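Number of protein chains: 2
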Amino acid sequence: MILDLCPSPALYPYYQKENDTVIVVDVFRASATICAMLHNGAAAVIPVPDIEQAKHYKAAGFLVGAERKTRKCDFADFGNSPFDYKPEIVAGKEVVFTTTNGTMAIEMGQESKHLFIGTFSNIDALADKCMESSERIVVLCAGWNNRVNVEDTLFGGAFAERLSEKADITLGSDAVRIALTLWQQAKSDPLAYLRQSDHHQRLIDNGAEGDAAFCLRENTTTVVPGYLKEEKKLRRQ
Amino acid sequence: MILDLCPSPALYPYYQKENDTVIVVDVFRASATICAMLHNGAAAVIPVPDIEQAKHYKAAGFLVGAERKTRKCDFADFGNSPFDYKPEIVAGKEVVFTTTNGTMAIEMGQESKHLFIGTFSNIDALADKCMESSERIVVLCAGWNNRVNVEDTLFGGAFAERLSEKADITLGSDAVRIALTLWQQAKSDPLAYLRQSDHHQRLIDNGAEGDAAFCLRENTTTVVPGYLKEEKKLRRQ
């Protein structure tokens, strides 16, 4: 099994291969939030790249989560905090979701053989799922406006380590080697390491510091959100 | 002074700001080779992005260095090894130069306020030069066909450390934080760390292992090649 990492959606054309399994990771916070929705009983998540589409769904009666620049959009029911999506509100419902970076990365990767949403919240379940049928796995980092970020790269390294404990893997390129080194350096205290990062500061500035700690916690769920091309929705796999 | 790093030429639009000083780094091997040419007395280096232009210059009587996929092109006088450019051949001459990744990165960065060529060979002279007039410096990694590579990222981290010893610097984004962590992890033996990398293997496969060791040696020259927009040439600054 080959594991690679693409550090930014804008680089995906240079990492893409046929029959890839793509893992979209947006550690702060879309990946954990999507996991939380499905963990709390949502029937599906409908990812949309732009605000206009999200508003259209809202007008049609859907529950809508929408975030731009770390903040909940005024028209939406929820923002991008995993704590927004309480079971009593989302259970059985389809939730429309758009975020600054995460949903764009889903759009980039949607032609892959499998697309899963991954993060620390579901790292072990994700590794087990990937081992079922993947030949080549690419961790596609959502980044920040196409810039590289520390937290998504760090997850790539953590996932490389975890997968290598469960299976024989080959590191596909230098990008995943860099991620693995970063993880080895930071893993004793990822939150402390991330305190210097761009996005952690943004979360603090927007009163979401508790979200950051939650988003780094491992295995809070066994849900692996998978993208179904025909219906353009994410469901539990 | 702000120091940032752009991990791939394809990401440069997302890192570019007005009045930047750009350092183009292609550790294996274009940066060291350009330094070697000017160190050995070449009057200028004329970087060209494609083979056709290089052939045109060759037909017009210029000395030409040309490499694709780690190998010297048949029509050229030299390849991309710093040892190719002996003083007795290049002294006083203008040398046309095209490589797989390095000259493309120069093309991307050529509208910046200053463009310098940097690598381990000239790291201290480069840091001193940058301190003369730069407000924001971006290390632009040449990468490999727009993919991220370990060696250029590693140099970004080494340069961040070196510059911070000489001046007060702010790390401009997560990309340079990742590079600095990578360097801190690898610096006790960069060559050993790079032995697993994609490009080091390519160099070995092409009989250029000695080049790799040379390209990681610090301060073999005080030459800082700088790009002059009007004449589209690199000269000693």
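One line per chain: the protein sequences are R and L, in this order. With our numbering, letter number 67 in the first sequence gets 67, and the count goes up by one each step, no holes. Count along the second sequence from 1, then add 1000; that gives the number in our numbering. All C-beta atoms, glycine included, are put in the ideal place defined by N, C-alpha and C. All of these numbers come straight from a predicted model, not from anything done at the bench.
Under the 9 Å criterion on CB atoms, ILE178/R is classed as interfacial with respect to chain L. Setting aside the 5 residues that flank it on each side, GLY102/R is surrounded in the same chain by ASP26, ALA30, ALA142, each with a C-beta closer than 6 Å to its C-beta; the list follows chain order.
Taking a contact as a CB-CB distance under 8 Å, the pair ILE46/R and LYS232/R counts as one, their CB atoms being some 7 Å apart. If only complete runs of 4 or more residues are kept, the stretch 20-91 of chain R shows the alpha helix (DSSP H) at 30-39, 51-59, 87-90, in order along the chain. Counting along the chain, GLU165/R sits inside the alpha helix (DSSP H) bounded by residues 150-166. Here DSSP, grouped into helix, strand and coil, assigns VAL223/R to coil. In the three-state scheme derived from DSSP, where H, G and I count as helix and E and B as strand, ILE169/R is classed as coil. Here ASP1168/L is exposed: its Cβ has fewer than 16 other Cβ atoms, across all protein chains shown, within 10 Å.
When secondary structure is reduced to three states using DSSP, ASP124/R falls in the helix class. Neighbours of GLN196/R across chain L, judged by C-beta separation under 7 Å: ARG1177.
Within chain R, no residue has its beta carbon less than 8 Å from that of SER1188/L; the closest one is some 13 Å off. Using a Cβ-Cβ cut-off of 9 Å, PRO1007/L counts as an interface residue toward chain R, since at least one Cβ of chain R sits closer than that to its own.
Within chain R, the residues placing a beta-carbon under 9 Å from that of GLN1185/L are THR181, LEU182, GLN184, GLN185, ordered along the chain. As the crow flies, the alpha-carbon of GLN1201/L is around 12 Å from that of GLU1151/L. Counting other Cβ atoms within 10 Å of its Cβ, PHE1120/L reaches 16 or more and is therefore classed as buried. Across the stretch 136-154 of chain R, CB contacts with chain L closer than 7 Å involve ASN145, ASN146, ARG147, VAL148, ASN149, VAL150, THR153, in sequence order along the chain. Using a C-beta cut-off of 8 Å, the stretch 173-191 of chain R makes contact with the stretch 1173-1184 of chain L, since at least three inter-stretch Cβ pairs fall below that distance. Interface annotation, ALA30/R: not in contact with chain L, CB-CB separation never under 9 Å. In this model, GLY109/R and TYR12/R are separated by some 8 Å (Cα to Cα).
Distance from the CA atom of CYS130/R to the CA atom of ALA160/R, rounded to whole angstroms, is 12 Å. The Cβ of SER164/R sits no closer than 9 Å to any Cβ of chain L. Boundaries of the beta strand (DSSP E) around GLU1094/L: 1094-1098.
Neighbours of ALA1010/L in chain R, taken as residues whose beta carbon is under 9 Å from its own, are SER8, ALA10, LEU11, PRO13, TYR14 in chain order. Put simply, the backbone Cα of PHE28/R is about 19 Å away from that of ASP50/R. Look at ASP189/R here: in three-state DSSP terms it is coil, with no helix or strand label. For ASP174/R, the closest Cβ of chain L is nearer than 9 Å. Using a C-beta cut-off of 8 Å, the stretch 1068-1081 of chain L makes contact with the stretch 1206-1222 of chain L, since at least three inter-stretch Cβ pairs fall below that distance. Taking 9 Å as the CB threshold, LEU115/R stays off the interface with chain L.
Of all alpha-carbon atoms in LEU163/R, ASN145/R, GLY157/R, ASN146/R, the one lying nearest the alpha-carbon of SER134/R is that of LEU163/R. Bridge pairing for TRP1144/L: ARG1147/L [DSSP]. Judged by DSSP secondary structure, LEU216/R falls outside any alpha helix (DSSP H); it is assigned neither H nor E.
Of the candidates GLU1165/L, ASN1145/L, VAL1095/L, GLU1165/L places its Cα closest to the Cα of ASP1128/L. Judged by beta-carbon spacing, THR1099/L lies within the 9 Å limit of ARG1068/L, meaning their Cβ atoms are closer than that value.
Annotated as proximal: CYS1035/L and THR1221/L, with beta-carbon spacing under 9 Å. Its Cα nearest to that of LEU1194/L, the residue LEU1216/L stands out among SER1112/L, GLU1052/L, LEU1216/L, GLU1132/L. Looking at the backbone, the Cα of LEU1191/L and that of ILE1089/L are separated by about 30 Å.
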